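The opening position of the sequence shown corresponds to residue 21 in the working numbering, with each subsequent residue numbered one higher.
All residues carry an ideal CB built from backbone N, CA and C; glycine is no exception.
From a predicted model like this one, the values you see are computed outputs, not experimental measurements.
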Amino acid sequence: MSISFRFPCELFNEIHPFQQDNLKRTANGSRVREVCVGLVHVVGGCDRRFCGMNGYPQITNWQAIPDSSFAAYEIVVVAVPKTPYVRFDLNDYSVPHEYVQRKLTVMADSEWVRIMDGLKEVAKHKRCFEKKRQIESTEHVANLVAEKKKAKKGSGMSLLFSTAPSAKSMFNMAAERGYPIGSLTSKLLSLLDLYGAVEIEEAIKEVVNSGACHCSDVTQVLERRRRQKGLLSPIGVQLPDDKRLRDFVVLPHSLASYDNLSGESN
Numbered sequence: 021m022s023i024s025f026r027f028p029c030e031l032f033n034e035i036h037p038f039q040q041d042n043l044k045r046t047a048n049g050s051r052v053r054e055v056c057v058g059l060v061h062v063v064g065g066c067d068r069r070f071c072g073m074n075g076y077p078q079i080t081n082w083q084a085i086p087d088s089s090f091a092a093y094e095i096v097v098v099a100v101p102k103t104p105y106v107r108f109d110l111n112d113y114s115v116p117h118e119y120v121q122r123k124l125t126v127m128a129d130s131e132w133v134r135i136m137d138g139l140k141e142v143a144k145h146k147r148c149f150e151k152k153r154q155i156e157s158t159e160h161v162a163n164l165v166a167e168k169k170k171a172k173k174g175s176g177m178s179l180l181f182s183t184a185p186s187a188k189s190m191f192n193m194a195a196e197r198g199y200p201i202g203s204l205t206s207k208l209l210s211l212l213d214l215y216g217a218v219e220i221e222e223a224i225k226e227v228v229n230s231g232a233c234h235c236s237d238v239t240q241v242l243e244r245r246r247r248q249k250g251l252l253s254p255i256g257v258q259l260p261d262d263k264r265l266r267d268f269v270v271l272p273h274s275l276a277s278y279d280n281l282s283g284e285s286n
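So, in structure tokens, the structure goes:
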């Protein structure tokens with residue numbers, strides 16, 4: 021229900037001056053009131069009776085005030101850099117890692133910071149009114165660590181393929197025969213560190229041509245070539261079997277602090 025009305029005095033002032041002169045000539049302004057009443061527009065259950073002085077309309081039906089206040093947000097379009105954080109109000113808020121190098125929308129009020137991808141909410145944080153803070157979600161960090169571990173496994177195989185192209189054929193044969201690819205990858209990477217890219221490529225090529233795909237065969241070929249050249253046995257660096265070293269992941273952080281250091285030096 022909506023109500024709209026205007027006082028007769030306002031309507032009288034908007035009448036053309038020529039018409040105002042004619043209305044003023046009427047006795048006691050009765051004609052003015054009659055005309056203004058006709059111009060009052062009331063919609064939706066308003067009582068059009070006039071009460072007492074000044075001829076103000078009497079309204080008997082009012083619209084109820086809503087229980088909740090109207091939601092108001094500060095909306096900012098932000099670009100996610102290579103690190104999964106968005107900068108808003110001098111603070112960095114984490115987002116899922118799959119949204120890096122994309123544009124998102126920040127909707128913030130006095131309590132929450134919501135990060136949207138169109139109509140989809142991708143992150144929600146308690147708003148921080150301090151400066152240069154990094155607000156993270158444990159879920160975002162855990163997913164990033166898991167993705168880093170997957171990338172680490174894939175990067176080892178990619179390193180083998182780039183340094184020893186014959187390793188692709190060896191991995192295809194191992195997959196067809198049901199051999200564990202992860203174990204083969206780690207052993208070949210260890211041999212790569214000990215003997216180098218040239219020797220590992222020649223050894224893998226010889227093993228593949230013989231129809232084998234075991235890492236032990238590659239080791240035998242490498243040792244035979246070493247003895248033929250009269251070289252000493254290579255010794256690898258043994259790191260302790262510490263979970264902190266094995267599962268160590270470096271999380272990316274904002275580089276804005278370096279900009280502040282350069283500004284202070286200037």
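For the options Glu226, Ala84 and Val241, the alpha carbon positioned closest to that of methionine 190 is the one of Glu226. Cα atoms of aspartate 237 and aspartate 261: separation of roughly 26 Å, rounded to the nearest angstrom. Aspartate 213 carries a helical assignment under DSSP once its states are collapsed to helix, strand and coil. Within a 10 Å sphere around the beta-carbon of proline 104 sit 16 or more other beta-carbons, which makes this residue buried.
Aspartate 129 carries a coil assignment under DSSP once its states are collapsed to helix, strand and coil. In the DSSP assignment, lysine 249 falls within the alpha helix (DSSP H) that extends over 235–249. Annotation for glycine 256: Leu214 place their beta carbon closer than 6 Å to its own, counting only its chain and skipping 5 residues before and after. Judged by DSSP secondary structure, serine 189 falls within the alpha helix (DSSP H) whose first and last residues are 187–196.
Our two residues, arginine 107 and methionine 127, have alpha carbons roughly 13 Å apart in a direct line.
The DSSP-derived three-state label of serine 175 is helix.
Spatial neighbours of tyrosine 119 in its own chain (CB-CB distance under 8 Å, excluding positions within 5 residues in sequence) are listed in chain order as Val100, Pro104, Asp137 and Val142. Taken atom to atom, the span from the alpha-carbon of glycine 250 to that of serine 203 is near 30 Å. Around the beta carbon of threonine 205, 16 or more other beta carbons lie within 10 angstroms, which makes this residue buried.
In the three-state DSSP reduction, serine 114 falls in the strand class (E or B).
As the crow flies, the alpha-carbon of glutamate 94 is around 59 Å from that of glutamate 221. The stretch 152–160 and the stretch 173–188 do not touch, with fewer than three beta-carbon pairs separated by less than 8 Å. With a cutoff of 8 Å on beta-carbon distance, asparagine 163 and proline 116 are scored as near each other. A residue is called buried once 16 or more other Cβ atoms fall within 10 Å of its Cβ, and valine 133 is buried on that count. Each residue's CA atom was taken as its position, placing glutamine 121 and arginine 264 some 30 Å apart. In the three-state scheme derived from DSSP, where H, G and I count as helix and E and B as strand, phenylalanine 108 is classed as strand. In the three-state reduction of the DSSP assignment, alanine 99 falls in the strand class. Nearest C-alpha to arginine 147 among Glu196, Glu167, Ser114 and Lys168: Ser114.
A Cβ-Cβ distance of about 6 Å is found for the pair leucine 212 and threonine 183, placing them in contact under the 8 Å criterion.
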